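Chemist: For what it's worth, our numbering labels the leading residue of the sequence shown as 136, then goes sequentially.
Here a beta-carbon is modelled for each residue, glycine too, at the ideal position from N, C-alpha and C.
In this text the structure is predicted, and so the values were computed from the model without any measurement.
Here it is, the structure in full.
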Amino acid sequence: MKINLFSSLEENKKFGWADLFVTIVIFSVLFSILKLGAGMRVPFSPIQHPTISLDPSYLPYYAGRSLLRMLIAFAASLLFTFIYGRIAAFNRTAEKIMIPAIDILQSVPVLGFLSVTVIGFMSLFPGSLLGVECASIFAIFTGQVWNMTFSFYHSLATIPRDLQEAAKINKLGSWARFAKLEVPYSMIGLVWNSMMSFGGGWFFLAASESITVLNQDIHLPGIGSYMATAVDQGNIMAIVYAIITMVIMILVVDQLFWRPIVAWSQKFKNEQTEANEITTSWVYNIIRRARFLQYIIRTCKSYIYNWSVMIAIKTNKAREQQKQFSKLTPILKWLIGIVVVIFIAKYVYEGFLEISKLSVLDILKVIWFGILTACRVLVATLLGILWTLPIGVMIGFHPKLARIAQPIVQIFASFPANMTFPFLTILYIKYGVNMEIGAIPLMMLGTQWYILFNVIAGAMAIPSDLREAVKILRLTRLQTWKKLILPGVFPYLITGGITASGGAWNASIVSEIVSWKDHTLQATGLGSFIAQATTKGNWPQIIWGIMVMAIVVVMVNRLFWRKLYTLAEKKYDIG
Numbered sequence: 136m137k138i139n140l141f142s143s144l145e146e147n148k149k150f151g152w153a154d155l156f157v158t159i160v161i162f163s164v165l166f167s168i169l170k171l172g173a174g175m176r177v178p179f180s181p182i183q184h185p186t187i188s189l190d191p192s193y194l195p196y197y198a199g200r201s202l203l204r205m206l207i208a209f210a211a212s213l214l215f216t217f218i219y220g221r222i223a224a225f226n227r228t229a230e231k232i233m234i235p236a237i238d239i240l241q242s243v244p245v246l247g248f249l250s251v252t253v254i255g256f257m258s259l260f261p262g263s264l265l266g267v268e269c270a271s272i273f274a275i276f277t278g279q280v281w282n283m284t285f286s287f288y289h290s291l292a293t294i295p296r297d298l299q300e301a302a303k304i305n306k307l308g309s310w311a312r313f314a315k316l317e318v319p320y321s322m323i324g325l326v327w328n329s330m331m332s333f334g335g336g337w338f339f340l341a342a343s344e345s346i347t348v349l350n351q352d353i354h355l356p357g358i359g360s361y362m363a364t365a366v367d368q369g370n371i372m373a374i375v376y377a378i379i380t381m382v383i384m385i386l387v388v389d390q391l392f393w394r395p396i397v398a399w400s401q402k403f404k405n406e407q408t409e410a411n412e413i414t415t416s417w418v419y420n421i422i423r424r425a426r427f428l429q430y431i432i433r434t435c436k437s438y439i440y441n442w443s444v445m446i447a448i449k450t451n452k453a454r455e456q457q458k459q460f461s462k463l464t465p466i467l468k469w470l471i472g473i474v475v476v477i478f479i480a481k482y483v484y485e486g487f488l489e490i491s492k493l494s495v496l497d498i499l500k501v502i503w504f505g506i507l508t509a510c511r512v513l514v515a516t517l518l519g520i521l522w523t524l525p526i527g528v529m530i531g532f533h534p535k536l537a538r539i540a541q542p543i544v545q546i547f548a549s550f551p552a553n554m555t556f557p558f559l560t561i562l563y564i565k566y567g568v569n570m571e572i573g574a575i576p577l578m579m580l581g582t583q584w585y586i587l588f589n590v591i592a593g594a595m596a597i598p599s600d601l602r603e604a605v606k607i608l609r610l611t612r613l614q615t616w617k618k619l620i621l622p623g624v625f626p627y628l629i630t631g632g633i634t635a636s637g638g639a640w641n642a643s644i645v646s647e648i649v650s651w652k653d654h655t656l657q658a659t660g661l662g663s664f665i666a667q668a669t670t671k672g673n674w675p676q677i678i679w680g681i682m683v684m685a686i687v688v689v690m691v692n693r694l695f696w697r698k699l700y701t702l703a704e705k706k707y708d709i710g
C-alpha cells in the first residue's frame, strides 16, 4: 500500500502546500472531535450536572460543543433521508403511510419530541451525560430531517423517464442506480435543503440544549444554553456575545463546509454545455489540488465499489433463497400487520378515552380553531412564495450574487426567529395590531426560508444550455418565466411550500400567543389552544388538539399539495 501511495504521489509531482493544508485541517478536526466528545461522557446525576458560565472565554468551547451536536444530527439526518426517502419513492404501499407520517411529524413541535425522548435516552446511559446529549442531538435531528427527506423523495419521484430508461438499459443494480442516478439527480436540491435544515438546527439550538425534565433544568454546554442563560439573567452583553459568536460560527461553517459542497454539486447539473458562470470556493479549489486527498478519495471509492459488488452478490443469493420461502412471506406480512394494528388500536383507544372527557361543544370548537390556523398557514405560505420566488431565481441565476447572498441568507435563516418576537410584540402593543392578523408575520419569520432555499436550488438546477436557448430565441421576460423558469423551479417550489407549511404549523404554537411583561397577545387558533392546554397540563385538550392538527395537515397535503406534486411529476419537468 505504501509503494502505491508514493508512486501515485510521484506521478503528480511532490507533496504540495495544498496537501499540507488539508492534512493539518484533517488532524485538527479529529483532535477537536476527540476533545469535545470527551465532554459528552462526563458523570451526570440530579446533584452533579453541568453549569453554564457567562464568561466570554468559554464561548469557543460552547460553540464547538454545539457544532459537534449539529454535525452528528446532520449525519443522522442524511442517513435517514437516503433510506426513508428511497423506500417512500419506490414502494407505493409504503408511500401511503410514510409520507403522511412525515406530514404529521414535521408539524409536531421539537419540544414535543424532546419531552418524550429525554427520559428514555437518560435511562440508556445512567450516570452519564451522554443520555442527555443523545436527547439533545435527537431534538436537533427532528428539526433538520423532514425537509431533507421531502427534497430527496420528491427528486426521486421526478427523475425523467429517459434517465430511468437509460438505467434499465444499462442494467444498473440497486446500489449502482442509487450512486449513479438517484443521488446525482437529487444533489443540488438536497444540498440547498440541507443548508436550510442545518439552519433549522441552529433555530432550535437553545431549546434542545436547555432541557427541563423531572423538575430539573439541565443546561448542556453549548451556545444555545449560553444564550438561554443570558436571557434568563437579563445579561445584555452576554446576549450580544452569543449573537456575535453564532454569526461568526455560521459564516465559518458556510466558508469551510457549505460553499465547497455547493461548488462541488454543480457538476451534477443536467446540461449539455458548460455554464458561463459557475459557483466557486477557495476551499474546494485547495481540496482539488491536494493530491494526497485525491488518492485517499480514489482508494475509498474502490473499497466502496468492491463492497457494493459483494453486497449485490449476497443480495442475489438471498433472493434465490427467498424464493424457497416465498410461501411464508404473506403469513409474515399478515402477522406484522396485526401487531402494528393492535399497537395503534391500543393508543387510539386510550386517546379516545381522554377525548371523551370533553364536551361536544369543546370538540367542535377545536375543529374551528384548526380551520382558522390552517387559513393563517396558507396565507403565510403564499406571502412567502410572493417574495422568495423572484429573489430565489435571481440568486440561483447569478453565481456572483449567490456568493454574497448565501451567507447572508444563512444567517437570517439560522437566527432564532422567536428571539425577535418580543420586539414585534412591543410594536403590536404600541400600534394596536390585531393578533388575528399579526400572527401571520410571526409564522413567516421561521418558515419562508424553506421556500427561498428550494427556489434557489431549482433555479441553479436549470441547465445552462436551456438558458442560452432562451437568449437565442429572444424570448420576452414573461415568456421566459412561462416557458423556462416556472417549469424549472416548480417541483422545488412545491417541496419548499410543503415544508414551509409544516414549519408554519410547528411555529403556530409560539406565534399565536406572545407576551411582553404584563401584556399577552393571543390569536384564536389551534396553536394558542395547544400552548395553553400544555401550560395547564390538560391532557384531553392536548391530545384532541394534536389529533386535529394531524388530521388537518394530512387533509391539506393530500387534497392540495399532493395534487401539485402530481402536476410537477407529469407536466413540469425539464430534466
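Whose CA, out of Phe256, Ile378 and Ser192, lies closest to the CA of phenylalanine 547?
Modeler: Ile378
Chemist: Following the continuous alpha helix (DSSP H) through isoleucine 686, name the residue where it begins and the one where it ends.
Modeler: 674 to 691
Chemist: At what residues does the alpha helix (DSSP H) containing isoleucine 275 begin and finish?
Modeler: 265 to 292
Chemist: Measuring straight from C-alpha to C-alpha, what distance separates histidine 654 and glycine 220?
Modeler: 45 angstroms
Chemist: Provide the residue span of the alpha helix (DSSP H) that contains glutamine 299, from first to last.
Modeler: 296 to 304
Chemist: Just the Cα atoms here: how many angstroms apart are phenylalanine 487 and glutamate 647?
Modeler: 27 angstroms
Chemist: Evaluate the contact criterion for the stretch 357 to 375 versus the stretch 323 to 331: three or more CB pairs, one atom per stretch, below 8 angstroms.
Modeler: no
Chemist: From the DSSP secondary-structure annotation, give me the bridge partner or partners of histidine 354.
Modeler: Ser345
Chemist: How many angstroms separate the CA atom of threonine 615 from the CA atom of leucine 608?
Modeler: Within the model, the alpha-carbon separation for threonine 615 versus leucine 608 is close to 10 angstroms.
Chemist: Taking the beta strand (DSSP E) that glutamine 657 falls in, what are its first and last residues?
Modeler: 654 to 657 is the span of the beta strand (DSSP E), which, as asked, contains glutamine 657.
Chemist: Isoleucine 711 by DSSP, collapsed to three states: which one?
Modeler: With the chain covering only 136 through 710, there is no way to say anything about residue 711.
Chemist: First and last residue of the beta strand (DSSP E) that includes valine 649?
Modeler: Following the DSSP letters along the chain, one finds valine 649 inside the beta strand (DSSP E) bounded by residues 648 to 651.
Chemist: Just how far apart, CA to CA, sit leucine 536 and threonine 630?
Modeler: 24 angstroms
Chemist: For tyrosine 261, which three-state DSSP category applies?
Modeler: Rather than tyrosine, the amino acid found at residue 261 in this sequence is proline. If DSSP states are grouped into helix, strand and coil, proline 261 belongs with coil.
Chemist: Am I right that glycine 262 and phenylalanine 156 are in contact with their C-beta atoms under 8 angstroms? What's the rounded C-beta distance?
Modeler: Going by Cβ atoms, the distance from glycine 262 to phenylalanine 156 rounds to 42 angstroms, so no, they are not a contact pair.
Chemist: Can you list, in chain order, the residues of its chain whose CB lies under 7 angstroms from that of aspartate 389, leaving out five sequence neighbours each side?
Modeler: Answer for aspartate 389: Gln541, Pro542 and Gln545, listed in chain order.
Chemist: Leaving out five residues before and five after tryptophan 106 in sequence, what residues of the same chain have Cβ atoms less than 7 angstroms from its Cβ?
Modeler: Look at the range of the chain in this structure, 136 to 710, and you will see that residue 106 is not part of it.
Chemist: Quick check on DSSP: helix, strand or coil for proline 178?
Modeler: strand
Chemist: Using the Cα positions of serine 400 and alanine 274, report the straight-line distance between them to the nearest angstrom.
Modeler: Put simply, the backbone Cα of serine 400 is about 28 angstroms away from that of alanine 274.
Chemist: By how many angstroms is the C-alpha of tryptophan 584 removed from the C-alpha of isoleucine 644?
Modeler: 19 angstroms
Chemist: Please confirm if the stretch 199 to 210 is in contact with the stretch 656 to 670, defined as three or more CB-CB distances below 8 angstroms between the two stretches.
Modeler: no
Chemist: Nearest-angstrom Cα distance between isoleucine 353 and leucine 259?
Modeler: 17 angstroms
Chemist: Are there 16 or more other CB atoms within 10 angstroms of the CB of tryptophan 152, so buried, or fewer, so exposed?
Modeler: With fewer than 16 other Cβ atoms within 10 Å, it is exposed.
Chemist: For leucine 340, which of Ala314, Tyr197 and Ser416 has the nearest alpha-carbon?
Modeler: Tyr197
Chemist: Is leucine 140 buried or exposed, if buried means 16 or more other CB atoms sit within 10 Å of its CB?
Modeler: Confidence at leucine 140 is low in this model, with a pLDDT of 45, below 50, so its placement is unreliable and no value can be given for it.
Chemist: Here's the rule I'm using: 16 or more other beta-carbon atoms within 10 Å means buried, otherwise exposed. How should arginine 227 be labelled?
Modeler: Looking at its Cβ environment, which holds fewer than 16 other Cβ atoms inside 10 Å, arginine 227 is exposed.
Chemist: Within a Cβ cutoff of 7 angstroms, which residues of the same chain sit near isoleucine 579, ignoring the five residues on either side of it in sequence?
Modeler: Looking at the sequence provided, one finds methionine at residue 579 rather than isoleucine. Ala515, Leu518 and Gly519, listed in sequence order.
Chemist: Are valine 590 and threonine 634 close, meaning C-beta to C-beta below 7 angstroms?
Modeler: no
Chemist: So, at 6 angstroms on beta carbons, what are the nonlocal neighbours of glycine 573 in its own chain, with the 5 sequence-adjacent residues on each side left out?
Modeler: Tyr563
Chemist: Is alanine 365 buried or exposed, if buried means 16 or more other CB atoms sit within 10 Å of its CB?
Modeler: Here alanine 365 is buried. Its C-beta has 16 or more other C-beta atoms within 10 Å.
Chemist: Can you tell me the Cα-Cα spacing of leucine 601 and phenylalanine 225, whole angstroms?
Modeler: 30 angstroms
Chemist: Within the continuous alpha helix (DSSP H) that includes isoleucine 159, where are the two ends?
Modeler: 152 to 173
Chemist: Could you check the C-alpha separation between arginine 296 and serine 309 for me, to the nearest Å?
Modeler: 17 angstroms
Chemist: Which residues in the same chain as isoleucine 294 place their Cβ atom closer than 6 angstroms to its Cβ, once the five residues preceding and following it in sequence are excluded?
Modeler: Same-chain partners within the cutoff: Tyr320.
Chemist: Just to confirm my understanding: we take tyrosine 627, look at its own chain, exclude 5 residues before and 5 after, and list those with CB closer than 7 angstroms. What are they?
Modeler: Gly324, Asn589, Val590, Ala592 and Gly593
Chemist: Please state whether the Cβ-Cβ distance between isoleucine 187 and tyrosine 361 is less than 7 angstroms.
Modeler: Contact flag set, yes.
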